[in-house]
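Only one structure is covered here, and it is reproduced in the block below.
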Amino acid sequence: MNLESSFVSTFKKTTSPQSKLVGRAQGLYGSACQHQLAIIMSMSFVFVDSPNNGSCISLFGNNWSIVHVRKMPFVGATCVFLLTSGYAIAQTHRAYFKSGDAIVGCNVIVVY
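Residue 21 in numbering that gives the first Met the number 0 sits at position 22 of the sequence shown, with consecutive numbering throughout.
Encoded structure:
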């Protein structure tokens, strides 16, 4: 199975479509296993709202699609998050395997 792609998404303060835009998520993913549905993913969260405007945190790790809740560590950050640590908890809400689309919620924990 060959799988590689890039993505761009937005994130907001709440799940409401009318909620204020906080930033954008962008990244790459590719196949991480020949025998299971697993991807390796690099993702950056770029903030556009004050006081974090221009700051970025980056994640990198395995994203096993068959596991409902996954954790991925930070591997880098910029501006106000420069010396931070943390991780993201990703949870799949829906996956559409025929189209390759998925709805994934991400809770990000930052310690700074």
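Even glycine gets a Cβ: it sits at the ideal position worked out from N, Cα and C.
Please read all numbers here as calculations on a predicted model, not as lab measurements.
Under the rule that 16 or more other beta-carbon atoms within 10 Å means buried, what is Gly-22, buried or exposed? buried
Determine whether the beta carbon atoms of Ile-56 and Tyr-86 lie at a separation below 8 Å. no
Gly-26 beta carbon less than 8 Å from that of Ser-43: yes
First and last residue of the beta strand (DSSP E) that includes Asn-61? 55 to 63
Extent of the continuous beta strand (DSSP E) run through Gln-25: 20 to 30
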